[in-house]
Every structure is written in structure tokens, then in C-alpha cells.
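Chemist: Numbering (my numbering), first residue to last: 2 to 456.
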């Protein structure tokens, strides 16, 4: 193929300029190949023409094999349908660390080499086996799926990449029993009062439980999304759909009182606020909810008949179990010998009770976090009402055409109302009605009523 030798004025490189027809556009173009050897330049030109022809007829490209790893990451972060900004930030951080020293896209096709590098990093102690599976393998597999779906590479080279050896186990979230859920919400209310929080956190956890939707979706709701009988959540992203999110009428009154205490915020402000008044984030509420669970467990297993129980309190024991350190005393250090001995006795009692509850608490917390409130809603409601009502309420996709299109009379209110009744104690999970005398004893604290009185 004829061509004219050219030299770059910018960096002095030599190459060849060809006058050819672009297979994609059909126009005559000047194509410069910066390779000094004529035979190699002809080969590179032919490869360029083949790629342009593949684009013209819709065949997968191989351009991604030659692109730099950083360029592939930038394209992935810019164009891929990533669920949230926080997830995008995590993927960018994990991919750019580049523990496997990937230089170009073609390196992703060598699965055996990647596996050997991962195993060596684990053996050397550079990373853990958990990190190798979930922070190395998983992001790279997501990257190559995107590259293959956009046609930058002809196939996904990591689709068959088997999970690396891992000593851990998959976490399985567990639902709360009714008495456990009541204790956790009561603990949240107690901590709100103990820390003198101007805005309660308990109502946020109760809203997640009663709506049965994902915590992130509920926390993203605005004041304007609160309708007369539901919270209008965003449609969701990808496979993570949001449900109708109906509310029981009594809880709706609590929400109105909660907003009243905040000064009736504008429609564009967050529906729920942290105790400081700003938008609550799941990353901050997660540890707070764990603290509520710890206090709830301590209260449920409090050794009432032991002498130590009279010298300390569940708040003290819960603080020690949650933080790993003893809570300090208020006021100046005492000089009276009796007061000093009383404080020392309280400290010893707190440590002893915490030591007895430690192992049981660790077992009880396995598979338990704030997301379990959604699991709890689904578990309770499916025992009491139609599964179709639960599906519409929480946003589960229909399994077949009938469930997706032909269930117009399904009422999602049944799901939230059933969970409210169980939470209040008017119904148990065996579908039985509970006597009114037991109801008052087990009814959850009416935070909204307290707020209305204070307002």
C-alpha cells in the first residue's frame, strides 16, 4: 500500500501518511500511522480499517484490548449505570488501587495470571481473602461486563472467573421477632432521651419497619413526598425497585407531629432529619441502630435477681458492650470514701454483667443490621396477608406476567397495617387477635403524641 513518509513537528517521530477511504463514513481521509517501519505501518492501517468496518456492520470491537487501564476506568465511571454516587466512589477507589498491575485492557483476558497474582497477594498478607473476593474480583468483573456490553471488547473475559478461595461465609440477614423489634425501638427512644437529642431517631427506624422499603430509599424521601397515606419514593435504580410504601393512619399522625416539631420544613427538605437537623445518612444511622440493638439485648437479658443489677443500669452495660470502654461519671471526682466505693462497686458490677452477656450478644447480632427492619416487615406481613400486597408494598418484582400486569385490586395497605398491628401487639404472627389488656402493655411508645404535647 502506497504512503508518504512524514515526520512529526511536535516530537520528531517518523511515520507514514495514507490516503484511504474510511469504511465507516465512505469518505476519503488522510490517516497517519506513527510507525517508522513501512510493513508494520501497513499492518496497523489494515487493522484500523478492519475496526472501522466492524463498527459499520455492528460487530463487537477489540479497541478495548488496546486501551490503557486508566482510560477504561474513566469510561466505565462516566458511562456505566452505577446505582449511586457512593457506589461509584467506592468502585473508583478500588479499581484505581490496581493491586494486580493491569496496564491495558488485554491484561484482563488472562484469567490465570490474575488469579495467580491475587493468590500471591493473599499469601503475602498484602490483602485478605475477603478483600480479594469482594474488593478485587467483584469490581473487575463489573468493569469487564460493562466493556463487553458496550462493544469495546468482543466478549466478557471474566464472566467465568471463579470466586477465589474464601474462609468467610455469606451473611444472611435475620428478621426480628415482635418482642425484639419492640425492644429495639424502645431502646432507640431511650437513647434519644438519654442523649437529649432535639430530634428523635426512633421514628426513622419505625418508618423503615412499617414501609418495608430499603433504608436508603426512605432516607432519600423529601417532605413533599409524604402523601396522605404513603411516602412516594423514587422509582428505584436497575433491579432495586421501590415499593408503594403505604403508612398506617396512626403513624401518619406521628409523622405530622414530627414535622411540626421541626417547624414544618419546606417540601424540598428531607422528610427525616438527623438529631442535628441535617439529612440522615445510612452510614451514620447504621452504628446508631447497632447501639440500639445492644441496649435492647441487654434489657431483654437483664439479670434482675442478681445483686449486681441493683448497682448498675442497662445503659451503663450497653455502653461498655458497644464501645468497649466504661462510661465516665458525671461531676467532679468525689472525696467521700463511701461515694468512691459506690463508684468502684458500680464499675465492677457493670464489667461482670457485660462479661456474662458478651457471647450471647455477639451471637444475637449476627446477620442483624438496620436493613433487617425491611426483612422483618416482609417476614411478618407474608404470614398475615396476601404475598401480592407485600410485594407491591416493598417493591419486589413480579415473577410472571400475571403478577406484573393482572393484579389491579391488590391493596398494599394490608401489608403496612398488618405490621403495625403486630408491632402494637393487637395481633400475633399466628393471625390471632390479642386481648386489649395485653395490647396496652406492649404498645410501642407514641413519640408523635409526646411531640405534639411539647409543641
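Beta carbons are placed, not taken as given, at the ideal position from N, Cα and C, and that holds for glycine.
Computed from a predicted model, the values in this text were never measured in an experiment.
Thinking residue 255 and residue 204 are a contact (beta carbons under 8 Å), I'd like their distance in whole angstroms, please.
Modeler: Taking the first residue of the chain shown as position 1, residue 255 is located at position 254. Taking the first residue of the chain shown as position 1, residue 204 is located at position 203. About 6 Å separates the two Cβ atoms, so the contact holds.
Chemist: Taking the alpha-carbon positions, what's the residue 74 to residue 24 distance?
Modeler: Here residue 74 corresponds to residue number 73 of the chain shown, with the count starting at 1. Here residue 24 corresponds to residue number 23 of the chain shown, with the count starting at 1. The alpha-carbon atoms of residue 74 and residue 24 are separated by roughly 29 Å.
Chemist: Which runs of the alpha helix (DSSP H) at least 4 residues long sit entirely within the region 191-237? Give them in chain order.
Modeler: Fully enclosed alpha helix (DSSP H) runs of 4 or longer: 203-212 and 216-220.
Chemist: Could you have a look at residue 169 and say whether DSSP puts it in helix, strand or coil?
Modeler: Position 168 of the chain shown holds residue 169. In the structure shown, residue 169 sits in coil (DSSP, three-state: anything other than H, G, I, E or B).
Chemist: For residue 188, count neighbouring C-beta atoms within 10 Å of its own C-beta (all shown protein chains included) and say buried if the count is 16 or more, exposed if not.
Modeler: The residue labelled residue 188 in the question sits at position 187 within the chain shown. Buried.
Chemist: Suppose the cutoff is 6 Å on Cβ atoms and the five residues either side in sequence are ignored; what does the same chain contact list for residue 318 look like?
Modeler: Within the chain shown, the letter at position 317 stands for residue 318. Around residue 318: 299, 351, 354 and 355.
Chemist: Find out if the Cβ-Cβ distance for the pair residue 213, residue 375 is shorter than 8 Å.
Modeler: The sequence position of residue 213 within the chain shown is 212, counting from 1. The sequence position of residue 375 within the chain shown is 374, counting from 1. Their beta carbons are under 8 Å apart, which means residue 213 touches residue 375 by this criterion.
Chemist: What does a CB cutoff of less than 8 Å around residue 458 pick up in its chain, not counting 5 residues either side in sequence?
Modeler: Lying outside 2 to 456, the shown extent of the chain, residue 458 is not represented and no answer is given.
Chemist: With a Cβ-Cβ cutoff of 8 Å, do residue 156 and residue 105 count as a contact?
Modeler: Within the chain shown, the letter at position 155 stands for residue 156. Within the chain shown, the letter at position 104 stands for residue 105. Taking 8 Å as the Cβ cut-off, residue 156 and residue 105 do not qualify as a contacting pair.
Chemist: For residue 37, which residues of its own chain have a beta-carbon under 6 Å away from its beta-carbon, when the five flanking residues on both sides are left out?
Modeler: What you label residue 37 is simply residue 36 of the chain shown in a count that begins at 1. Here the set comprises 15.
Chemist: Residue 280 and residue 271 look like a contact to me (Cβ under 8 Å); what is the Cβ gap, rounded to whole Å?
Modeler: As a working mapping, residue 280 is identified with position 279 in the chain shown. As a working mapping, residue 271 is identified with position 270 in the chain shown. That belief holds up - the Cβ atoms of residue 280 and residue 271 are roughly 4 Å apart, short of 8 Å.
Chemist: Who are the Cβ neighbours of residue 140 in its own chain at under 7 Å, not counting the five residues just before and after it?
Modeler: Within the chain shown, the letter at position 139 stands for residue 140. Here the set comprises 92, 95 and 96.
Chemist: Three or more beta-carbon pairs under 8 Å between the region 414-431 and the region 388-396, yes or no?
Modeler: Touching, yes, given that three or more Cβ pairs across the two stretches are closer than 8 Å.
Chemist: With DSSP as the reference, identify every bridge partner of residue 181, one or two as the case may be.
Modeler: Here the question's residue 181 lines up with position 180 in the chain shown. Its beta-bridge partners do not exist; DSSP assigns none.
Chemist: Just to confirm before moving on: does the CB-CB distance between residue 66 and residue 154 stay below 8 Å?
Modeler: The residue you call residue 66 lines up with position 65 of the chain shown. The residue you call residue 154 lines up with position 153 of the chain shown. Contact: yes.
Chemist: If contacts are defined as beta-carbon pairs under 8 Å, then residue 225 and residue 269 qualify, I think. What distance do you get, rounded to the angstrom?
Modeler: Here residue 225 refers to the residue found at position 224 when the chain shown is read from its first residue. Here residue 269 refers to the residue found at position 268 when the chain shown is read from its first residue. Right, their Cβ atoms sit about 7 Å apart.
Chemist: Excluding the five sequence neighbours on either side, which residues of its own chain have a C-beta within less than 7 Å of the C-beta of residue 235, listed in chain order?
Modeler: Translated into positions along the chain shown, residue 235 becomes position 234. So the qualifying residues of the chain are 218, 221 and 243.
Chemist: Taking all protein chains shown into account, do 16 or more other C-beta atoms lie within 10 angstroms of the C-beta of residue 358, making it buried, or fewer, making it exposed?
Modeler: Start at 1 with the first residue of the chain shown, and residue 358 comes out as number 357. When all chains shown are included, residue 358 counts as buried.
Chemist: Between which two residues does the alpha helix (DSSP H) carrying residue 327 extend?
Modeler: Taking the first residue of the chain shown as 1, we reach residue 327 at position 326. Taken as a continuous stretch (DSSP letters only), residue 327 belongs to no alpha helix (DSSP H), as it is neither H nor E.
Chemist: In whole angstroms, what separates the C-alpha of residue 103 from that of residue 87?
Modeler: By 1-based counting over the chain shown, the position of residue 103 is 102. By 1-based counting over the chain shown, the position of residue 87 is 86. Straight-line Cα distance between these residues: approximately 24 Å.
Chemist: Report yes if the CB atom of residue 294 is closer than 8 Å to the CB atom of residue 369, and no otherwise.
Modeler: In the chain shown, residue 294 corresponds to position 293, counting from 1. In the chain shown, residue 369 corresponds to position 368, counting from 1. Taking 8 Å as the Cβ cut-off, residue 294 and residue 369 qualify as a contacting pair.
Chemist: Locate the alpha helix (DSSP H) running through residue 342, then write down its first and last residues.
Modeler: The sequence position of residue 342 within the chain shown is 341, counting from 1. Residue 342 -> alpha helix (DSSP H) spans 338-366.
Chemist: Hey, how far is the Cα of residue 43 from the Cα of residue 10?
Modeler: Counted from its first residue, the chain shown places residue 43 at position 42. Counted from its first residue, the chain shown places residue 10 at position 9. When rounded, the distance between both Cα atoms is 22 Å.
Chemist: Rank 163, 149 and 130 by C-alpha distance to the C-alpha of residue 169 and give the top, closest one.
Modeler: To locate residue 169, count along the chain shown from 1; it is residue 168. Looking at the Cα atoms, 130 is the closest of the given residues.
Chemist: So, helix, strand or coil for residue 41, using DSSP?
Modeler: In the chain shown, counting from the first residue as 1, residue 41 sits at position 40. Helix, per DSSP.
Chemist: Among 34, 20 and 35, which has the Cα closest to the Cα of residue 28?
Modeler: Here residue 28 corresponds to residue number 27 of the chain shown, with the count starting at 1. Ranking the options by Cα distance to residue 28, first place goes to 20.
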